[in-house]
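K.L.:
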Amino acid sequence: MQEALIAAARRWPVDGLPAQPRGWLLQTASRRMVDQWRSDTARRDRELRVASEPAQGEAAQDDDTLAVLFLCCHPVLTPPSAIALTLRAVGGLSTAEIARAFLVPEATMAQRISRAKQRVARESFSMPSPEDRPARLRSVLRVLYLMFNEGYVGSTGADLTRVDLSDEAIRLARLVHASGPDAEAAGLLALLLLIDARRAARTDAAGDPVPLADQDRSRWDRGRIAEGVALLDEAIGSGAVGEYQLQAAIAAVHDRAVTADATDWAQIAALYSLLEQMTGSPVVTLNRAVAAGMVDGPQAGLAILEGLDESLPRLDQLRAHLYEQAGDRDRALACYRRASGRATNLAERRYLDAQVARLVGGSA
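Put into structure tokens, the structure is as follows:
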């Protein structure tokens, strides 16, 4: 793939960004017999090697990969367009998957990606200058965050997770973090590691989701947790606190709890309040409602959910959880059924259907 990226560096500024950038790279790499880089073994090897001094060829490949990322996040693009193009060109997500991440129709996303390709076609294929790097880094971090999320819970398909996307997001986050000091780059890498540390415990033998409270915490990756906490400490001590650092702090509170009952929900609720003020994100509001429900009771959580956009993913599922906590079985059942009907991931749908069956069977 190094040779394919070098070829892209030479040809794309002249010929323009191809219609299918990732496909172009893969085809070129295949012709040159270097597509082994895409295998899981190669990804794991690269992740292990990142802590040590890379060989000259590996360093060149890392630089080229970063150049592709930063090109797709060029400031001539709006942030949503830059994120969409990078997910398509580097992350390999389909237009439909990207559209779901942005909560827009697929046709709208297709037009956005097409326009973005045209805008960057004549831009320089190189790393940004020190003056331009901070603004472009923000978009790069957002891309990696969305890429990891798509791997953490796939928007479609039979499996809950897409490990290849999660691993690739972590690999690229390591490269970005190693490329220069930045508190939010460290915060993002910390967040991804702290969440990914739970991977082995997140699904049962059938591949269906296991709620955080029910996970076998002995299966969590303590090495990743320690690395994530160290990165978080580094980030918080080196600059202004940003959204990824706050999310990483929340993940760290969960990961440090030896049992679900030992979770410091008051601290989590306070962190979500700060994050909500910083971002204004309704997704953060959803999570704050859960934390508030654990601290002040389910009615407090339900009150926070009032007035939110009914199309928000997970809204019905969280309402169902809170209604069940409040002892309102009928409303919980109705919400679980709605959530199942809207689920596009089959593993999530099976889990939600199981909750419906449990409540119908009277075993709640």
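What the sequence shown shows, in our numbering, is residues 1168 to 1531, in sequence order. Idealized CB from N, CA, C, for every residue including glycine.
(1) Under 8 Å, with one C-beta from each stretch per pair, do the region 1402 to 1414 and the region 1343 to 1353 reach the 3-pair mark?
(2) Does residue 1328 come out as helix, strand or coil in the three-state DSSP assignment?
(3) Below 7 Å between beta carbons: does that hold for residue 1415 and residue 1354?
(4) Do the CB positions of residue 1427 and residue 1391 come within less than 7 Å of each other?
(5) Between the C-alpha atoms of residue 1396 and residue 1257, what's the straight-line distance to the nearest angstrom?
(6) Apart from the five residues on each side of it in sequence, which residues of its chain come closer than 6 Å, Cβ to Cβ, to residue 1445?
(7) Would you kindly report the start and end of the unbroken alpha helix (DSSP H) that includes residue 1400?
(8) Going by CA-CA distance only, name the one from 1487, 1449, 1316 and 1507 that's closest to residue 1264.
(9) Please report the distance separating the alpha-carbon of residue 1508 from that of residue 1300.
(10) Can you list the alpha helix (DSSP H) stretches of 4 or more residues lying completely in the region 1422 to 1493, in chain order?
(11) Going by the beta-carbon positions, is the gap between residue 1358 and residue 1336 smaller than 7 Å?
(12) Counting only the same chain and skipping the five closest in sequence on each side, list residues whose C-beta sits under 7 Å from that of residue 1480.
(13) Apart from the five residues on each side of it in sequence, which residues of its chain come closer than 8 Å, Cβ to Cβ, to residue 1521?
(14) Can you name, in chain order, every residue of its own chain whose Cβ lies under 7 Å from the Cβ of residue 1441, other than the five neighbours on each side?
(15) Just to confirm before moving on: does the CB-CB distance between residue 1253 and residue 1276 stay below 7 Å?
(16) For residue 1518, which residues of its own chain have a beta-carbon under 6 Å away from its beta-carbon, when the five flanking residues on both sides are left out?
(17) Would you tell me roughly how many angstroms separate the C-alpha atoms of residue 1383 and residue 1475, rounded to the nearest one?
(18) Could I get the ranges of all uninterrupted alpha helix (DSSP H) runs contained in the region 1340 to 1393, with 4 residues as the minimum, in chain order?
(19) According to the neighbour-count rule (16 or more other Cβ atoms, all chains shown, within 10 Å of its Cβ), is residue 1373 buried or exposed?
(20) Given this structure, state the Cα-to-Cα distance separating residue 1394 from residue 1341, to the nearest angstrom.
(21) Is the beta carbon of residue 1283 less than 7 Å from the beta carbon of residue 1333?
(22) Between 1493, 1527, 1510 and 1516, which lies nearest to residue 1500 when the distance is taken from Cα to Cα?
(23) Would you mind working out which of 1388, 1449 and 1443 sits nearest residue 1419, comparing C-alpha positions?
(24) Thinking C-alpha only, which one of 1329, 1326, 1314 and 1468 is nearest residue 1339?
(25) Do you know offhand how far residue 1439's Cα is from residue 1362's?
(26) With respect to the alpha helix (DSSP H) encompassing residue 1253, which residues constitute its N-terminal and C-terminal limits?
(27) Quick one: what's got a C-beta closer than 8 Å to residue 1453's C-beta in the same chain, skipping five residues either side?
(28) Suppose you measure from the CA of residue 1451 to the CA of residue 1231; what does that come to, to the nearest Å?
(29) Closer than 6 Å by C-beta to residue 1430: which residues in its own chain qualify, once you throw out the five before and the five after it? Chain order, please.
(30) Rounded to the nearest angstrom, what separates residue 1370 and residue 1487 at their Cα positions?
(31) Which of the three DSSP states is assigned to residue 1266 in this structure?
(32) Tell me which same chain residues have a C-beta within less than 8 Å of the C-beta of residue 1516, skipping the five on either side of it?
(33) Under a three-way DSSP split, which group does residue 1317 fall into?
(34) Give the secondary structure of residue 1409 by DSSP, where H, G and I count as helix, E and B as strand, and everything else as coil.
(35) Go ahead and pull the three-state DSSP assignment for residue 1290.
P.N.:
Reading off the structure:
(1) With a cut-off of 8 Å, the region 1343 to 1353 and the region 1402 to 1414 count as touching, because enough Cβ pairs lie within range.
(2) When secondary structure is reduced to three states using DSSP, residue 1328 falls in the coil class, being assigned neither helix nor strand.
(3) It is a contact, given that the beta carbons lie within the stated cut-off.
(4) Contact: no.
(5) Take the alpha-carbon of residue 1396 and the one of residue 1257: they are about 28 Å apart.
(6) So the list reads 1410, once near-sequence residues are dropped.
(7) For residue 1400, the enclosing alpha helix (DSSP H) begins and ends at 1389 to 1403.
(8) Distances from the CA of residue 1264 to each of 1487, 1449, 1316 and 1507 were compared; the closest alpha carbon is that of 1316.
(9) One C-alpha to the other measures close to 43 Å.
(10) Qualifying alpha helix (DSSP H) stretches, in chain order: 1432 to 1446, 1449 to 1463, 1465 to 1472 and 1482 to 1492.
(11) Taking 7 Å as the Cβ cut-off, residue 1358 and residue 1336 do not qualify as a contacting pair.
(12) Contacts found: none.
(13) Here the set comprises 1375.
(14) Contacts found: 1413.
(15) Contact flag unset, no.
(16) Counting only residues of its own chain and dropping the five nearest sequence neighbours on each side, residue 1518 has a CB closer than 6 Å to the CB of 1375 and 1376.
(17) Spanning the alpha carbons of residue 1383 and residue 1475 requires a straight line of approximately 33 Å.
(18) Counting only runs of 4 or more, we get 1350 to 1363.
(19) By the C-beta density criterion, residue 1373 is exposed, having fewer than 16 other C-beta atoms within 10 angstroms.
(20) The alpha-carbon atoms of residue 1394 and residue 1341 are separated by roughly 12 Å.
(21) No, they are not a contact pair.
(22) Distance from the Cα of residue 1500 is smallest, within the candidate group 1493, 1527, 1510 and 1516, for 1527.
(23) Residue 1388 is the option with its Cα nearest to residue 1419.
(24) For the options 1329, 1326, 1314 and 1468, the alpha carbon positioned closest to that of residue 1339 is the one of 1314.
(25) Taking the straight line joining both Cα atoms gives about 16 Å.
(26) Boundaries of the alpha helix (DSSP H) around residue 1253: 1246 to 1253.
(27) Within the same chain, residue 1453 has close Cβ partners 1472, 1475, 1479, 1481, 1482 and 1485.
(28) Pairing residue 1451 with residue 1231, the inter-Cα distance amounts to about 34 Å.
(29) Taken in chain order, the residues that qualify are 1424.
(30) Spanning the two alpha carbons is a distance of roughly 21 Å.
(31) Helix, per DSSP.
(32) Its chain contains 1507 and 1510 as the residues whose beta carbon lies nearer than 8 Å to that of residue 1516, once the 5 sequence neighbours on both sides are disregarded; these appear in chain order.
(33) Three-state result, residue 1317: helix.
(34) Under the three-state reduction of DSSP, residue 1409 is assigned to coil, being neither helix nor strand.
(35) Three-state result, residue 1290: coil.
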